[in-house]
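In my numbering, the protein residues as written are 3 to 92. The beta carbon of each residue, even a glycine, is placed where N, CA and C say it ideally should be. What follows is a single structure, written as structure tokens, with notes after it.
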């Protein structure tokens, strides 16, 4: 279940997204939609501050559904790069 979206929590999420836009970095969003957990990874764009929503990989993410927002781990990036190299080999 997603935590309650307080004003302070929204400000922290909003600041993290704005900083990732400035730094041109991807974020990993852990969402709770309905009763399902979903992970969305990509570059976020602030879509609508009044609706508290973001656009990530052509998908609108509502702040009320966000459980966690993190920068991707470097180990994860290395695995993705290795997987891409493997596909390029064939």
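Linking residue 52 to residue 16 through their CA atoms gives a straight-line distance of about 11 Å. Beyond the five residues adjoining it in sequence on each side, residue 7 comes within less than 6 Å, by CB distance, of 65, 66 in the same chain, given in chain order. With distances taken between CA atoms, residue 43 lies nearest to 32 out of 10, 32, 18, 26.
Annotated as proximal: residue 46 and residue 58, with beta-carbon spacing under 8 Å. Of the residues assessed, residue 35 falls on the exposed side of the cut-off, its CB having fewer than 16 other CB atoms within 10 angstroms.
For residue 18, the enclosing alpha helix (DSSP H) stretches over residues 9–25. Linking residue 73 to residue 25 through their CA atoms gives a straight-line distance of about 11 Å.
Leaving aside the five residues that flank residue 55 on each side, the residues in its chain whose CB is nearer than 7 Å to its CB run, in chain order, 49, 62, 63, 64, 65.
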